[in-house]
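Chemist:
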Amino acid sequence: MKTSLQELVLGIPINSAAYQVDRSPKGYLPDPASQCNILSLKGGADTVHNRKNRHGKKGASFAHGVREHVRLGPKITETVKGKLSLGARILKVGGVKKVFKRLFNVREGEKLLKASQCYLSTTAGPIAGLLFISTDKIAFCSDRSIKISSPNGEVIRIHYKVMIPLSKIKRVNQSENVKKPSEKYMEIVTVDNFDFWFMGFLNYQKAFKYLQEAISQA
Numbered sequence: 000m001k002t003s004l005q006e007l008v009l010g011i012p013i014n015s016a017a018y019q020v021d022r023s024p025k026g027y028l029p030d031p032a033s034q035c036n037i038l039s040l041k042g043g044a045d046t047v048h049n050r051k052n053r054h055g056k057k058g059a060s061f062a063h064g065v066r067e068h069v070r071l072g073p074k075i076t077e078t079v080k081g082k083l084s085l086g087a088r089i090l091k092v093g094g095v096k097k098v099f100k101r102l103f104n105v106r107e108g109e110k111l112l113k114a115s116q117c118y119l120s121t122t123a124g125p126i127a128g129l130l131f132i133s134t135d136k137i138a139f140c141s142d143r144s145i146k147i148s149s150p151n152g153e154v155i156r157i158h159y160k161v162m163i164p165l166s167k168i169k170r171v172n173q174s175e176n177v178k179k180p181s182e183k184y185m186e187i188v189t190v191d192n193f194d195f196w197f198m199g200f201l202n203y204q205k206a207f208k209y210l211q212e213a214i215s216q217a
């Protein structure tokens, strides 16, 4: 099971002893395929080391992966608009704030500033979901569940989940597709020099503005 999870989460590099890979009992939005558990990826030294051993230089490899996904996905924004049917499910749960609280541990006084539909680029491919920006953290959870194999050989479905404390963010970089400037990407670099790439925003400028404000006030 451990190996299977690490194979899936190679695109999520967080290097901190405070993080670990686990399966959370918290529910997500009602999933079209099933009601399932969450893969709560809070980092983990083993995952990071395995990723570095497999792919060599972390930054170059991850950026190469993003370029490959971008080249394969010229209609990524159209896909977000057409296929992320989150609205009805969010309303069913009780709103974006309730979704955020169900997915992540929210500190006392922490406020959700913005939630945006987008893609997270991973070495396994771009994953669609919601990016949450709060006064304490940046967090992402996939829209749909993904399949993995359990120890007994059964196929189970889990959600892809990432959390980055604002205190761990070194900088945020903007980039765009030179052949199609309307396709913009956001790179979040941590103090441990690992990077996360987000793309396919419905409103890129607004998401970037809220992220900058959150980091500046942290």
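Numbering (numbering that gives the first Met the number 0), first residue to last: 0 to 217.
A virtual CB, placed ideally from N, CA and C, is assigned to each residue, including glycine.
May I have the straight-line CA-CA distance separating residue 216 from residue 146, to the nearest angstrom?
Modeler: Those two C-alpha atoms are separated by around 38 Å.
Chemist: Does the separation of the CB atoms of residue 175 and residue 182 fall below 8 Å?
Modeler: Their beta carbons are under 8 Å apart, which means residue 175 touches residue 182 by this criterion.
Chemist: What is the residue span of the alpha helix (DSSP H) that residue 98 lies within?
Modeler: Taken as a continuous stretch (DSSP letters only), the alpha helix (DSSP H) holding residue 98 covers 95-102.
Chemist: Roughly how many angstroms separate the alpha carbons of residue 137 and residue 211, rounded to a whole number?
Modeler: Roughly 11 Å separates the two Cα atoms.
Chemist: Let me know the beta strand (DSSP E) ranges lying completely inside the segment 113-163, each 3 residues or longer, listed in chain order.
Modeler: Fully enclosed beta strand (DSSP E) runs of 3 or longer: 126-133, 136-141 and 145-148.
Chemist: Assign residue 102 to buried or exposed, taking buried as 16 or more other Cβ atoms, counted over all protein chains shown, within 10 Å of its Cβ.
Modeler: Answer is buried; the Cβ neighbour count reaches 16.
Chemist: Apply the 10 Å Cβ neighbour rule to residue 108 and answer buried if 16 or more other Cβ atoms are within range, or exposed otherwise.
Modeler: Residue 108 should be labelled exposed.
Chemist: Tell me the DSSP secondary structure of residue 179 in three-state form.
Modeler: In this structure, residue 179 counts as strand in the three-state DSSP scheme.
Chemist: From the DSSP output, which residues share a beta bridge with residue 168?
Modeler: Bridge partners of residue 168: 189.
Chemist: In terms of alpha-carbon separation, which member of 172, 188, 115 and 199 lies closest to residue 179?
Modeler: For residue 179, the nearest C-alpha among the options comes from 199.
Chemist: Is residue 197 helix, strand or coil by DSSP?
Modeler: Strand.
Chemist: With a 10 Å radius around its C-beta and 16 neighbouring C-beta atoms as the bar for buried, classify residue 115 as buried or exposed.
Modeler: By the 10 Å Cβ count, residue 115 comes out buried.
Chemist: Identify, in the order they occur along the chain, each residue of the same chain with its Cβ nearer than 6 Å to the Cβ of residue 164, setting aside the five sequence neighbours on each side.
Modeler: So the qualifying residues of the chain are 136.
Chemist: Could you check where the alpha helix (DSSP H) with residue 205 kicks off and where it finishes?
Modeler: Residue 205 -> alpha helix (DSSP H) spans 203-216.
Chemist: Tell me whether the beta-carbon of residue 119 lies closer than 8 Å to the beta-carbon of residue 213.
Modeler: No, these two residues do not count as a Cβ contact at 8 Å.
Chemist: Report back the beta-carbon spacing between residue 144 and residue 156 to the nearest angstrom; my notes put them in contact at under 8 Å.
Modeler: With a Cβ gap of about 4 Å, residue 144 and residue 156 count as contacting.
Chemist: State the CB to CB distance for the pair residue 170 and residue 154, rounded to an integer number of angstroms; the pair is presumed to be in contact (CB under 8 Å).
Modeler: Going by Cβ atoms, the distance from residue 170 to residue 154 rounds to 39 Å, so no, they are not a contact pair.
Chemist: Take residue 268 and list the residues in its own chain whose beta-carbon comes closer than 6 Å to its own, dropping the five residues that flank it on each side.
Modeler: Only positions 0 to 217 of the chain appear in this structure, which leaves residue 268 out of reach.
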